[in-house]
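Residue numbers (our numbering): 5 to 420.
Single-structure report; data block below.
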């Protein structure tokens, strides 16, 4: 008879063996036929701003600039600037920039580096107010130092994607055709080898995507801020320990990685014709770039376009209790104005041009946010004209020209 101790040992070994066999079976299952049923985790990071240690100024993590050349006047240019630190010690902001340039024929402008390699991306550095072509080119996987909630992290372009190609196999075709006589195998699917290739995303891929994002944004043309853009396919965030060592693995490795960034943007339908339109004040490495046909001392990019708006550009909202209409600038006209920069707007609103319509005034936020140089409201007969809440807010107006009109200013957003 075995002692009680030996019996306990035997039972324990049996239990351990059963458990290990079970776990091995589970592992084998999830490594093979069950791999598609693994639970998926999601890791999200939010890189919004960095703080300049020398000035205390908060800067967006990323700035983007896209001149689409829709009007065919210049070069199509996409630019991206990472506001990052000079090192883990965060002594200074030393920004890294990337520029993709297409000429008037739509061909990518390339440059040749010191070892004879052709490149599609021009790289710049910026320190303070000075931008210049970089002396240290960034490659796939190189780290840039940023802030997230006051803590230091690194960001890198190290995303990957896969492509698959089916190639016909004569041996498989013959084998599965023969087997199909007995088993009903689908010869058409079984006669191919599937070759999968892993590719690294490039800075060119990233800039093309940013251009698509700006083009698709309902912010339209001009300057705007996109608070959260998920670039997790391209960019990953790496933790840095207290000793200044960057982790070998990004945050959320083996999970779905969402990398959100705040991006200030400028989108323009025009082509880039002048170096000063660039974030870096340089196009394809040329700070003297100028295909405008104008002399260097002309501020081409600041030329103002004059718009005169009339009552025809407004749409009315009927208010039954007041038995009349309040007017607001039409969406179509707003979208048209977004296609221009440095515009000078004057508004001439003639109440008498409305036939058999009781015009009450400007509706809520009728001209909100539009810089207006002058506003005239006139009538052939004496009328009252109401300015509803916010109707002139952020227009820059301090006075209104009137003819036979008494203004009733109902918290319009300006003091008249």
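The beta carbon of each residue, even a glycine, is placed where N, CA and C say it ideally should be.
Assignment of alpha helix (DSSP H) within the stretch 323–400, counting only whole runs of 4 or more residues, yields 335–341 in chain order. The C-alpha of residue 157 is placed about 24 Å away from the C-alpha of residue 135. If only complete runs of 3 or more residues are kept, the stretch 239–266 shows the beta strand (DSSP E) at 239–243, in order along the chain.
By the neighbour-count criterion, in which 16 or more other beta carbons inside 10 Å mark a residue as buried, residue 225 falls on the buried side.
In this structure, residue 99 lies near residue 86, with their beta-carbon atoms less than 8 Å apart. Short of 8 Å from the beta carbon of residue 380, and not among the five residues preceding or following it, lie these beta carbons of its own chain, in chain order: 350, 351, 352, 353, 404, 405, 406 and 407. Between residue 332 and residue 401, the alpha-carbon positions lie close to 16 Å from each other. Contact between residue 152 and residue 68 is ruled out by a C-beta separation of about 19 Å, above the 8 Å threshold. Membership of residue 112 in any alpha helix (DSSP H) is not indicated, and neither H nor E is assigned to it by DSSP. Judged by DSSP secondary structure, residue 216 falls within the alpha helix (DSSP H) whose first and last residues are 207–220. In this structure, the alpha-carbon of residue 263 lies about 15 Å from that of residue 147.
Pairing residue 282 with residue 83, the inter-Cα distance amounts to about 8 Å. Comparing alpha-carbon positions, the option among 126, 64 and 367 lying closest to residue 392 turns out to be 367. For residue 68, DSSP records a beta bridge to 84 and 269.
Taking a 10 Å sphere around the C-beta of residue 164, we find fewer than 16 other C-beta atoms and assign the residue as exposed. Of the residues assessed, residue 326 falls on the exposed side of the cut-off, its CB having fewer than 16 other CB atoms within 10 angstroms. Taking all protein chains in view, the Cβ of residue 390 is crowded by 16 or more other Cβ atoms within 10 Å, so the residue is classified as buried. The beta-carbon separation of residue 372 and residue 397, rounded to 5 Å, stays under the 8 Å limit for a contact.
Straight-line spacing of the CA atoms in residue 78 and residue 103 works out to 15 Å. Per the DSSP secondary-structure output, residue 144 pairs with nothing in a beta bridge. The straight-line gap separating the alpha-carbon atoms of residue 388 and residue 417 is approximately 19 Å. Remark: C-beta atoms of residue 228 and residue 266 do not approach each other more closely than 8 Å. Residue pairing by DSSP places residue 160 opposite 147 and 240 in a beta bridge. Taking the Cα positions, residue 237 is about 28 Å away from residue 74.
For residue 99, the enclosing beta strand (DSSP E) stretches over residues 99–106. Going by DSSP, residue 226 is part of the beta strand (DSSP E) stretching over 226–234. Within the model, the alpha-carbon separation for residue 273 versus residue 359 is close to 38 Å.
Judged by DSSP secondary structure, residue 131 falls within the beta strand (DSSP E) whose first and last residues are 125–131.
Partner residues in the beta bridge of residue 312, as assigned by DSSP, are 350.
Residue environment: residue 130 is assigned as buried (16 or more neighbouring CB atoms within 10 Å of its CB, all protein chains considered). Under the DSSP assignment, residue 409 falls in the beta strand (DSSP E) whose first and last residues are 405–413. Following the DSSP letters along the chain, one finds residue 137 inside the beta strand (DSSP E) bounded by residues 134–137.
Judged by DSSP in its simplified three-state form, residue 290 adopts strand.
Here residue 278 is buried. Its C-beta has 16 or more other C-beta atoms within 10 Å.
Taking C-alpha positions only, residue 382 is separated from residue 154 by approximately 56 Å.
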